[in-house]
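This is how it looks when you write it as structure tokens:
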């Protein structure tokens, strides 16, 4: 169309002002650039099958806000890291991996498969007893009346979360609420900000009141703070003693199935005749569950409560399997309305 406009202009220049001519020249220059970019994109798309064949990485292009160029993001993620890890570590004689959440279902199999060590017989494993007395230091509560995934509309689910969080966290104890979605965090925050809890509790929401790093630092110096966080708060944060006394998990931490890297992992497993859920989704969610629980007890004197607002944790076979990843703690099931009294009684007993 731009080419046609330029041709029409050249044939009728006597109808236009000189300034109009300058605008058409600028348009013509942009048209040339656009055509060049289009042709390059066509070449790239034509070569795409060749480029991605046998690759262990996936590229994704995202636009968080329509019409906002600054929200455009391009990411390149490796979804099979084993060969890359092996190449990186080949210069070391005997790499040692140390961590508190290296096993799933009491086995190192998932970790070794991810790192490329599953077929190396010389790999040695060692499990050490935790210094913490989890049965005395922590309680796990599961809401029996929480809505099942997909059982209610997105709007109703956000309303439920806001009401549940206010009911559970309307106390003097520092609390972190973990989400699987930044969009859900924003929606829940908007509701909580207009509820009575906002009058006496500092509300910190990732992506709303600040970045993950900013609100993490603010929470560390807080007194009665309520933090709403996503992936970055499942691990790598350390709030001992009264800096964190309650963690609320809104959903079992499965990866979003529509994410490009998740799809790539699942497609690779399916192509090999393997089950993506049992071999990838469940082990990853189990590790993340252990990591989220691990935010709670950081020293031998810590005490805290871990609340799960997902009924699948107690009603499904895989949920019960995930329970076994928690250290010597049997979850207690309660209706949501009975939890505040129990939380107050147990935490105030310190």
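Residue numbers (the working numbering): -16 to 333.
For every residue, glycine included, the Cβ atom is placed at its ideal position computed from N, Cα and C.
In chain order, what residues of the same chain lie with their CB nearer than 8 Å to the CB of residue i, ignoring the 5 residues before and after it?
i           : result
residue 196 : none
residue 85  : 91, 94
residue 135 : 143
Out of the options, which one is the CA nearest neighbour of residue i?
i           : options            : result
residue 223 : 256, 282, 248      : 282
residue 304 : 67, 90, 41, 11     : 90
residue 323 : 225, 147, 101      : 147
residue 121 : 320, 248, 314      : 314
residue 211 : 232, 177, 226, 327 : 232
residue 81  : 107, 96, 67        : 107
residue 297 : 250, 234, 321, 243 : 234
residue 214 : 48, 271, 202       : 271
residue 99  : 112, 114, 70       : 70
residue 306 : 266, 319, 115      : 266
residue 286 : 161, 327, 63       : 327
residue 105 : 76, 130, 294, 115  : 76
residue 177 : 113, 15, 262, 149  : 149
residue 247 : 64, 292, 54        : 64
residue 332 : 260, 236, 257, 119 : 119
residue 83  : 114, 49, 260       : 114
Rounded to whole angstroms, what's the CA-CA distance from residue i to residue j? Just pull it up for me.
i           : j           : result
residue 141 : residue 164 : 12 Å
residue 79  : residue 72  : 10 Å
residue 310 : residue 117 : 7 Å
residue 317 : residue 125 : 6 Å
residue 217 : residue 274 : 6 Å
residue 13  : residue 43  : 27 Å
residue 144 : residue 171 : 7 Å
residue 264 : residue 52  : 33 Å
residue 204 : residue 227 : 11 Å
residue 45  : residue 61  : 17 Å
residue 268 : residue 241 : 16 Å
residue 97  : residue 66  : 9 Å
residue 138 : residue 56  : 27 Å
residue 321 : residue 133 : 24 Å
residue 253 : residue 111 : 36 Å
residue 88  : residue 161 : 22 Å
residue 250 : residue 15  : 39 Å
residue 181 : residue 174 : 10 Å
residue 262 : residue 255 : 12 Å
residue 11  : residue 293 : 58 Å
residue 18  : residue 166 : 36 Å
residue 27  : residue 21  : 10 Å
Any idea what DSSP makes of residue i, helix, strand or coil?
i           : result
residue 272 : helix
residue 224 : helix
residue 239 : coil
residue 162 : coil
residue 43  : strand
residue 19  : helix
residue 57  : strand
residue 287 : strand
residue 141 : helix
residue 87  : strand
residue 48  : coil
residue 173 : helix
residue 340 : One cannot answer for residue 340 here, as it falls past the ends of the chain, which runs -16 to 333.
residue 110 : coil
Apart from the five residues just before and just after residue i, which ones in its own chain have a Cβ nearer than 7 Å to its Cβ?
i           : result
residue 220 : 199, 278
residue 243 : 41, 43
For residue i, which residues in the same chain have their Cβ closer than 6 Å to its Cβ, ignoring the five residues on either side in sequence?
i           : result
residue 155 : 207
residue 289 : 123, 230, 276, 279
residue 209 : 152, 158, 184, 186
residue 245 : 238
residue 191 : 169, 172
residue 188 : 168, 172, 211
May I ask which residues mark the beginning and end of the alpha helix (DSSP H) holding residue i?
i           : result
residue 188 : Counting along the chain, residue 188 falls outside any alpha helix (DSSP H), though it belongs to the beta strand (DSSP E) covering 185 to 188.
residue 93  : 92 to 98
residue 297 : 295 to 298
residue 202 : 195 to 203
residue 330 : 322 to 330
From which residue to which residue does the beta strand (DSSP E) around residue i run?
i           : result
residue 231 : 229 to 232
residue 316 : 315 to 317
residue 212 : 208 to 212
residue 132 : Note, residue 132: premise wrong, no beta strand (DSSP E); not H, not E.
residue 65  : Segment 65 to 72 is the alpha helix (DSSP H) holding residue 65; no beta strand (DSSP E) there.
residue 122 : 121 to 126
Does any residue of chain B bring its CB to less than 8 Å from the CB of residue i?
i           : result
residue 131 : In summary, chain B is missing from the structure at hand, where a single protein chain is found.
Using only the heavy atoms of the ligand FAD, determine whether one of them is closer than 7 Å to the beta carbon of residue i.
i           : result
residue 215 : With respect to small molecules bound, the structure shown includes none, and the ligand FAD cannot be examined in it.
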